[in-house]
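In our numbering, the protein residues as written are 901 to 1334.
A virtual CB, placed ideally from N, CA and C, is assigned to each residue, including glycine.
Only one structure is covered here, and it is reproduced in the block below.
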Ligand SMILES: Nc1ncnc2c1ncn2[C@@H]1O[C@H](COP(=O)(O)OP(=O)(O)OP(=O)(O)O)[C@@H](O)[C@H]1O
Ligand SMILES: [Mg+2]
């Protein structure tokens, strides 16, 4: 049974793509039939979902110059149900108005925009998990890495390759060229009910080729940009995030530090929320800092927070220097952790491995892992898989500014040497020596 429905699904995909390529060429069924030597009736059945013979798939592929895509689709596992939404939305609080707006909307495109660290990604993931049942054909997710001044945003073509492969298209079935990838993606999702999350998008240009344009699909984009041209083109629902409400900010802190402790000092918790400018990223870091010091009064900790920070690059809202919150957590780190954190500011790229971090700091893997895990506990870095870590770009900028002149050179040299060695280690050895 399972095998049967899989074959049927794959055949339907083949049929859709065949029709698209044929029409793109301006060929009628009869026209194609003449070129490839199969009857128009048979071709029509295949376009409507009958499994193609290998000979037909090959002939169509060659004549329509599909570059192997049709042959691969004829063999594809079409019943794959992608489930790419990252798990682990822990301790999510608030954003009730926005969640309701999303729930009640029937828009097929949503743009969640707003300044850094306001919780755009968290909201998209939270709503995605909440709404999974609306999307029986699954979810596609990609972090487009559009935010960092030091990293290149993900190329749309690379994103499409990931989506196509998540949809069951084998590697040799992925067409060359952005437009053809994009067209294949659209035809594969045309009849499905899928959620597509395009997280941390850089620009309208980056997301345009990734839009499903299918009635059963919803695409949720998050970005620090407004993505104005996409908003118009896709008639998107816009949800703009700013600081949290004071009540939600307090709830966030309480969730992290525990109800008991918060209940003893409600005013100090309120003050802490205000000092964080109600910015979720800052609230989370500050709350973890309080959590890590169970023997202090929250009030004493708040008083340590110097509110006199001036507006600077790290200021996200007019009323608050986010830097102050970062300083406050940074100053509490022990020397080894603080040094590791500073040096991470020298690393470019979306993730850092434990190996690269160890090289950067001149430590063993085990020692580096311990420090990275402690930084993760303070919410200053994020664990992003086994031996992989991530730094929010506001924090990386901040860390980079703290690196002392005399530690910069040696650390960079160690890291570059490590990366060169890593490249050699990864190179296939077969044939290297006679
Ligand atoms: N609703 C929420 N409940 C609890 N914590 C939250 C919430 N929103 C955000 N946070 C915290 O703030 C941090 C930053 O959130 P998130 O990464 O979603 O922000 P963003 O707006 O996507 O930032 P960027 O512009 O860098 O992409 C999260 O790691 C999380 O700790
Ligand atoms: Mg984000």
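| Query | Result |
| --- | --- |
| Nearest-angstrom Cα separation, counted from residue 1073 out to residue 1137 | 34 Å |
| Alpha helix (DSSP H) runs wholly inside the segment 1231-1312, at least 4 long, in chain order | 1235-1244, 1254-1261, 1265-1277 and 1293-1302 |
| Alpha carbon of residue 1117 to alpha carbon of residue 1004, nearest angstrom | 16 Å |
| Rounded separation between residue 1337 and residue 912 - CA only | The first residue shown for the chain is 901 and the last is 1334, placing residue 1337 beyond what the model contains. |
| Limits of the beta strand (DSSP E) - the one that residue 1098 falls within | 1095-1101 |
| Beta-carbon separation (whole angstroms), residue 1084 vs residue 969, contact threshold 8 Å | 6 Å |
| For residue 942, the first and last residue of its enclosing alpha helix (DSSP H) | 940-947 |
| Residue 1072: CB within 7 Å of a non-hydrogen atom of ligand 2 | no |
| Completely contained beta strand (DSSP E) runs for the segment 980-1057, where each covers 3 or more residues | 1009-1013 and 1039-1043 |
| Cβ shell of residue 1220 (< 6 Å), same chain only, five flanking positions each side left out | Per-residue confidence for residue 1220 stands at a pLDDT of 46, beneath the threshold of 50, marking its modelled position as unreliable; the derived number appears in the next sentence. Counting only Cβ-Cβ distances below 6 Å, and skipping sequence neighbours, we find 1177. |
| Residue 1021 and residue 1100 closer than 8 Å at C-beta | yes |
| Pair within 8 Å by beta-carbon distance, residue 1019 and residue 1120 | no |
| Buried or exposed by the 16-neighbour rule on C-beta atoms within 10 Å, applied to residue 1195 | exposed |
| Residue 963: CB within 7 Å of a non-hydrogen atom of ligand 2 | no |
| Residues near residue 940 in its chain [Cβ-Cβ closer than 6 Å; skip 5 each side] | 929, 930 and 933 |
| Neighbour-count burial assignment, residue 1320, 16 or more Cβ in a 10 Å radius | exposed |
| Cβ-based neighbour list, residue 1186, same chain, cut-off 8 Å, excluding 5 preceding and 5 following | 1153, 1172, 1175, 1176, 1205, 1225, 1228 and 1229 |
| Environment of residue 1222 [buried if 16+ CB atoms lie within 10 Å] | buried |
| Selected residue, minimal CA-CA separation from residue 1000, among 986, 1024, 1017 and 984 | 1024 |
| Chain-order list of residues whose beta-carbon lies under 8 Å from that of residue 966 (same chain, five-residue window excluded) | 917, 921, 960 and 1075 |
| Local conformation of residue 1317 per DSSP, three classes | helix |
| Cutoff 6 Å; reference residue 1296; Cβ partners in own chain excluding five residues on either side | 1245 |
| Exposure label - residue 1105; buried when at least 16 CB within 10 Å | exposed |
| Sufficient close CB pairs (3 or more, under 8 Å) joining the segment 1028-1038 to the segment 1142-1151 | no |
| C-alpha distance - residue 873 paired with residue 1086, whole-angstrom precision | This structure leaves residue 873 out entirely; the chain is present only between 901 and 1334. |
| Proximity below 8 Å, CB of residue 981 to CB of residue 915 | no |
| Member of 1156, 1251, 1061 and 998 whose CA lies at the smallest distance from the CA of residue 1051 | 1251 |
| Exposed unless 16 or more other CB atoms sit within 10 angstroms - verdict on residue 1324 | exposed |
| Any non-hydrogen atom of ligand 2 within 7 Å of residue 1227 CB | no |
| Residue 1254 beta carbon less than 8 Å from that of residue 1265 | yes |
| Whole-angstrom C-beta distance between residue 1044 and residue 1007, which should lie under 8 Å | Incorrect: roughly 20 Å between the Cβ atoms, too far for contact. |
| Nearest residue (CA-CA) to residue 1097, options 1160, 1026 and 936 | 1026 |
| Residue 1170: first and last residue of the uninterrupted alpha helix (DSSP H) it sits in | 1166-1175 |
| Residues near residue 1271 in its chain [Cβ-Cβ closer than 7 Å; skip 5 each side] | 1236, 1237 and 1240 |
| Residues that DSSP places opposite residue 1123 in a beta bridge | 1013 and 1101 |
| Buried versus exposed, by CB contacts within 10 Å (16 or more), residue 953 | exposed |
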